[in-house]
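Student:
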Amino acid sequence: MLCSVAFAQKKNANYQLHIKRVQSPIKIDGLLDESDWLNADSTQQFYMVLPMDTSYANLKTIVRTAYDDNNFYISAVCYTPTPGYMVESLKRDFSFLKNDNFIFFMDPFDARTDGFTFGANAVGAQWDGIMFEGSKVDLSWDNKWYSVVKNYPDKWVFEAAIPFKSIRYKKGIKEWGINFSRNDLKTTEKSAWAPVPRQFPTAALAYTGTLVWDEAPPVATHNISLIPYALGGITKDFEHNKDAVWRKEIGGDVKIGLTSSLNLDLTVNPDFSQVDVDQQVINLNRYELFFPEKRQFFLENGDLFANFGYADIRPFFSRRVGLNAPIRGGARLTGKIDKNWRVGVMDIQTGQSSADNLAGQNFGVVTLQRRVFSRSNIGIMFVNKDATGSAPVEGSKGSAYNRNIGLEYNLASSNNQWTGKFLGLKSFSPGLKGHDYVQAANLQYLSKYWTIALQQQYVGRNYNAESGYVPRKGYNKLAPILQHNFLPKSGIILSHGPQISGTYFFDESYKPTDNETILSYLITFRNRATLTVSALDDYVKLLQPFDPTNTRKDSLPVGFKNHWNTIDIQYASKPQSVFTYLVEAARGGYYDNGTKNTLIGQIGYRFQPYVNLLVNASYNDLHLPAPYGRNKFWLIGPRADVTFTNTLYFTTFVQYNDQARNMNINSRLQWRYKPASDLFIVYGDNSIPSPFTIKNRQLTIKWTYWCNI
């Protein structure tokens with residue numbers, strides 16, 4: 236069965252849109268009055284995806300495409316039953332579910348595995364990202380393109396020009412995969428040109444139609460981009476009474492299109508500082524937290540490196556690079572050789588860090604991916620980390636070398652119902668032998684009515700990925716899930732059903748350590764509000780000492796065992812209101828026969844389209860025996876996004892973390908004065924809330940410019 240599914244033809248091959256070369260210039264103004272638009276081939280009626288996927292969409296959407304020597308053009312006329320719109324703000328890369336929007340998904344190789352996405356919400360905020368694993372989108376990726384949205388009483392119009400230099404495609408291919416998606420909050424309707432089953436996102440490349448070119452798309456020549464930056468800033472450490480430190484840096488990146496589908500990134504004296512800080516959390520976990528990569532250098536085709544393995548087994552994690560030592564330079568070659576082959580090669584050199592007693596390091600990564608069957612692929616990866624220059628001094632952090640080699644098979648059936656991964660990894664480090672490998676697998680079946688999945692992992696106690704993210708070692712893991720959906724044809728409920736899932740950890744001898752079983756009932760209302768009720772059963776056996784408050788108090792000993800139950804209820808309001816909220820409450824046991832009560836809330840209000848206010852809050856109340864006693868942890872994070880235009884944004888948020896005894900303020904003004912070119916002014920400080928004491932402050936001004944040659 237799996238073989239026949241894997242070799243099946245493209246599901247929506249008969250949905251075709253023809254694209255023709257323009258005869259005269261097109262002006263991106265949202266008016267669509269050029270003769271080429273009037274004569275262009277257009278889409279027929281869209282299909283409804285939600286609330287039901289068995290009929291045509293109620294809302295009319297007309298899409299046209301065209302091209303010239305330099306740009307791919309697209310227009311969409313989005314008709315609405317009543318005047319007005321529902322959006323968060325004018326900020327780019329908006330939340331899909333909280334905005335009226337039009338988005339399209341482009342698969343230039345028609346491989347149904349990776350591609351690009353562009354679009355806008357109803358007031359012109361742009362959306363762009365790279366696609367991977369068939370339907371996932373990384374919105375951190377930015378590139379140069381141009382768009383305008385105009386609003387009318389009965390419709391809104393999107394018009395865009397995407398330079399061929401901004402996307403990757405193969406010379407001579409005249410059929411691209413493509414689909415168009417429309418989300419309308421007022422009617423709660425989500426639709427697509429080529430039909431997509433309701434259990435999948437409209438981004439699912441397995442269900443794209445075909446864009447048919449009247450001749451092979453032009454090949455971008457001299458595709459070189461220079462991206463210099465200049466940065467100035469000042470930091471003052473009040474906590475340790477240090478003098479102010481000034482930063483004055485210049486550097487930049489170069490992007491070279493070796494072919495229309497292969498890109499070489501070079502960087503000199505890169506600035507890898509983030510102008511956006513990580514969202515803080517209350518950490519009651521025994522293992523390291525994961526924060527996503529946001530730095531531009533790592534983003535294009537980043538899935539080749541970042542998504543090898545599993546979320547908790549990554550042989551390469553780019554945020555390890557430059558974490559404690561300055562990066563001197565780096566190079567990345569990424570892209571597609573043809574429809575079936577993708578390649579990624581990266582080399583980065585860091586300097587020494589005397590403050591962290593860390594020798595200079597060279598990071599080298601090679602990954603190769605081969606498409607097999609319909610949408611599956613086989614990937615290999617080699618990661619090498621070497622101390623450079625002289626050998627590390629006595630007591631230096633990090634080993635002289637660390638190497639990882641891995642092989643994985645990613646299963647994706649033609650209709651996307653079957654997905655899975657089979658993974659093997661081996662590490663090489665001085666003094667570590669035996670139990671130094673990883674073996675993992677998962678398989679999932681997803682239909683309208685059923686979700687069935689099982690994941691299995693083994694990570695040896697000596698497996699070592701110094702350039703990766705592997706928060707836990709020396710375990711076996713099983714994680715099953717079973718869910719059934721009921722789909723009423725009418726009434727206020729769109730779907731509902733039970734779900735049972737579990738995460739079961741064992742040591743290397745298959746003796747149980749951590750076990751968690753969750754029984755839930757999930758309800759999605761027709762207005763897109765959601766309600767989830769869950770019962771959790773937890774068992775823990777500690778493999779290392781652990782302070783259950785994570786406040787550096789005495790630790791529970793190795794071998795400590797405990798068992799408890801928890802009830803959790805969560806409700807999220809309908810997203811089409813200007814006032815939105817989420818509430819979650821949990822009550823149950825905790826370590827050392829204690830109890831834990833948790834309240835989580837989110838309140839949002841938007842003054843369309845310019846201001847979006849949001850407050851996140853969580854409260855944890857731990858009741859434990861001596862020496863821990865009662866511990867109350869608040870995490871409060873108000874945030875204000877002010878978008879004066881779709882190129883000028885001001886964001887301020889505060890994060891008060893009771894557990895870390897820290898209050899962080901981050902204010903950022905971003906002016907996108909040209910496509911992909913920005914001026915940032917960022918102010919931040921950290922303080923101890925009670926008694927109020929400033930720990931540090933910083934002010935940074937950063938300028939970037941994207942120049943195509």
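Heads up: the sequence shown is residues 236 to 944, going by the working numbering. Note that the Cβ used here is the ideal one computed from N, Cα and C, for glycine as well. Every value quoted in this text rests on a predicted model; they were computed, and no experiment measured them.
How would you call Tyr745, buried or exposed, if buried means at least 16 neighbouring beta carbons within 10 angstroms?
Tutor: The sequence position of residue 745 within the sequence shown is 510, counting from 1. Label assigned to Tyr745: exposed.
Student: Quick test of the definition: if touching needs 3 or more C-beta pairs under 8 Å, does the stretch 310–328 touch the stretch 830–838?
Tutor: Contact fails: fewer than three Cβ-Cβ distances are below 8 Å.
Student: Determine the direct distance from the alpha carbon of Val284 to that of Tyr291, and round the result to whole angstroms.
Tutor: The residue given as residue 291 occupies position 56 in the sequence shown. The residue given as residue 284 occupies position 49 in the sequence shown. Cα to Cα, the separation comes out at about 9 Å.
Student: Along the chain, where does the beta strand (DSSP E) containing Trp272 start, and where does it finish?
Tutor: Within the sequence shown, numbered from 1, the residue matching residue 272 stands at position 37. Trp272 -> not in any beta strand (DSSP E); alpha helix (DSSP H) instead, spanning Ser270 to Asn274.
Student: Would you mind sorting Glu629 into buried or exposed? The rule is 16 or more other CB atoms within 10 Å of its CB.
Tutor: Indexing the sequence shown from 1 puts residue 629 at position 394. At Glu629 the pLDDT is 46, less than 50, meaning the model places this residue with poor confidence and gives no usable figure here.
Student: Select from Ala861, Pro792 and Asp671 the residue whose C-alpha is nearest the C-alpha of Gly695.
Tutor: Taking the sequence shown and counting its residues from 1, one reaches residue 695 at position 460. Nearest option by C-alpha distance: Asp671.
Student: At the level of alpha carbons, what is the spacing between Asn247 and Asp288?
Tutor: Position 12 of the sequence shown, counting from 1, holds the residue named residue 247. Position 53 of the sequence shown, counting from 1, holds the residue named residue 288. Going from the Cα of Asn247 to the Cα of Asp288 covers about 15 Å.
Student: Could you give the distance in angstroms between the alpha-carbon of Val412 and the alpha-carbon of Asp500?
Tutor: In the sequence shown, residue 412 corresponds to position 177, counting from 1. In the sequence shown, residue 500 corresponds to position 265, counting from 1. According to the sequence provided, residue 412 is Gly. The question's Val does not apply to it. In a straight line, the C-alpha of Gly412 is about 26 Å away from that of Asp500.
Student: Taking DSSP as the reference, what is the three-state secondary structure of Ile517?
Tutor: Here residue 517 corresponds to residue number 282 of the sequence shown, with the count starting at 1. In this prediction, Ile517 has a pLDDT of 41, which is less than 50 and means its spatial position is unreliable; nothing more can be read from the coordinates.
Student: Which of the three DSSP states, helix, strand or coil, is assigned to Phe329?
Tutor: Within the sequence shown, the letter at position 94 stands for residue 329. It is coil, neither helix nor strand.
Student: Taking C-alpha atoms, which residue in Phe842, Tyr918, Glu701 and Trp380 lies nearest to Asn619?
Tutor: Along the sequence shown, one-based indexing puts residue 619 at 384. With distances taken between Cα atoms, Asn619 lies closest to Glu701.
Student: I'd like to check one pair, Arg907 with Thr886: are the Cβ atoms closer than 7 Å?
Tutor: On the sequence shown, position 651 is the one that residue 886 refers to. On the sequence shown, position 672 is the one that residue 907 refers to. No, these two residues do not count as a Cβ contact at 7 Å.
Student: Assuming Ile916 contacts Ile936 under a Cβ cut-off of 8 Å, what Cβ separation, rounded to an integer in Å, is found between them?
Tutor: Here the question's residue 916 lines up with position 681 in the sequence shown. Here the question's residue 936 lines up with position 701 in the sequence shown. That pair is a contact at about 5 Å.
Student: With 16 other CB atoms within 10 Å as the buried threshold, where does Val705 fall?
Tutor: Numbered from 1 along the sequence shown, position 470 holds the residue referred to as residue 705. Burial call: buried.
Student: How should Asn866 be labelled, buried or exposed, when 16 other C-beta atoms within 10 angstroms of its C-beta is the threshold for buried?
Tutor: Sequence index remark: in the sequence shown, residue 866 carries index 631 (1-based). Buried.
Student: With respect to the beta strand (DSSP E) encompassing Asp582, which residues constitute its N-terminal and C-terminal limits?
Tutor: Here the question's residue 582 lines up with position 347 in the sequence shown. Unbroken beta strand (DSSP E) run through Asp582: Trp576 to Thr585.
Student: Could you give the distance in angstroms between the alpha-carbon of Gly359 and the alpha-carbon of Asp328?
Tutor: The residue you call residue 359 lines up with position 124 of the sequence shown. The residue you call residue 328 lines up with position 93 of the sequence shown. Their Cα atoms are separated by approximately 11 Å.
Student: Could you give the C-beta distance for Ala427 and Phe281, rounded to a whole number, given that I count them as a contact under 8 Å?
Tutor: Start at 1 with the first residue of the sequence shown, and residue 427 comes out as number 192. Start at 1 with the first residue of the sequence shown, and residue 281 comes out as number 46. At roughly 6 Å, the Cβ-Cβ gap stays under 8 Å, so Ala427 and Phe281 are in contact.
Student: What is the DSSP secondary structure of Lys930, reduced to helix, strand or coil?
Tutor: Counting from one through the sequence shown, the residue named residue 930 turns up at place 695. Three-state result, Lys930: strand.
Student: Nearest to Gln434 by alpha carbon, out of Leu681, Asn711, Trp481 and His475?
Tutor: Counting from one through the sequence shown, the residue named residue 434 turns up at place 199. It is Leu681 whose Cα lies nearest to the Cα of Gln434.
Student: Have a look at the DSSP bridge pairing and note the partners of Thr352.
Tutor: The residue given as residue 352 occupies position 117 in the sequence shown. Paired residue(s): Phe340 and Gly364.
Student: Below 6 Å, is the gap between the Cβ of Gly412 and the nearest heavy atom of the ligand COA?
Tutor: You won't find the ligand COA in this model; it holds no ligand whatsoever.
Student: In angstroms with no decimal places, state the Cα-to-Cα distance between Tyr884 and Arg549.
Tutor: Here residue 884 is taken as the residue at index 649 of the sequence shown, counted from 1. Here residue 549 is taken as the residue at index 314 of the sequence shown, counted from 1. Their Cα atoms are separated by approximately 34 Å.
Student: Rounded to the nearest angstrom, what separates Gly732 and Phe760 at their Cα positions?
Tutor: Position 497 of the sequence shown holds residue 732. Position 525 of the sequence shown holds residue 760. Cα to Cα, Gly732 sits roughly 12 Å from Phe760.
Student: Alpha carbon to alpha carbon, how far is Phe339 from Ile365?
Tutor: As a first step, residue 339 is located in the sequence shown; it is residue number 104 there, counting from the start. As a first step, residue 365 is located in the sequence shown; it is residue number 130 there, counting from the start. Each residue's alpha carbon lies about 12 Å from the other.
Student: What number of angstroms, rounded off, separates the C-alpha of Arg822 from the C-alpha of Gly829?
Tutor: Position 587 of the sequence shown, counting from 1, holds the residue named residue 822. Position 594 of the sequence shown, counting from 1, holds the residue named residue 829. Computed Cα separation, rounded: 11 Å.
Student: Distance check for Asn639 and Ser631, CA to CA, integer angstroms please.
Tutor: For the purposes of this step, residue 631 is taken as residue 396 along the sequence shown, with counting starting at 1. For the purposes of this step, residue 639 is taken as residue 404 along the sequence shown, with counting starting at 1. Its pLDDT being 49, under 50, Ser631 is placed unreliably in this model, and the value from its coordinates should be taken loosely. Cα to Cα, Ser631 sits roughly 21 Å from Asn639.
Student: In terms of residues, what are the limits of the alpha helix (DSSP H) holding Ala541?
Tutor: Residue numbering aside, residue 541 sits at position 306 when the sequence shown is read from its first letter. Unbroken alpha helix (DSSP H) run through Ala541: Asp538 to Ala541.
Student: Taking its Cβ as the centre, do 16 or more other Cβ atoms sit within 10 Å of Asn336, making it buried, or is it exposed?
Tutor: In the sequence shown, counting from the first residue as 1, residue 336 sits at position 101. With 16 or more other Cβ atoms within 10 Å, it is buried.
Student: Leaving out five residues on either side along the sequence, give the residues of the same chain with a beta carbon under 8 Å from the beta carbon of Gly319.
Tutor: Translated into the one-based positions of the sequence shown, residue 319 becomes position 84. Within the same chain, Gly319 has close Cβ partners Lys421.
Student: Classify Val431 as buried or exposed, calling it buried when 16 or more other Cβ atoms lie within 10 Å of its own Cβ.
Tutor: Position 196 of the sequence shown holds residue 431. Result: buried.
Student: Considering only residues of the stretch 856–919, which uninterrupted beta strand (DSSP E) runs meet the minimum length of 3 residues and lie entirely inside it, listed in chain order?
Tutor: Listed in chain order, they are 865–880, 883–892 and 897–909.
Student: Are the Cβ atoms of Phe551 and Val600 separated by less than 7 Å?
Tutor: Numbered from 1 along the sequence shown, position 316 holds the residue referred to as residue 551. Numbered from 1 along the sequence shown, position 365 holds the residue referred to as residue 600. Going by C-beta atoms, Phe551 is nearer than 7 Å to Val600.
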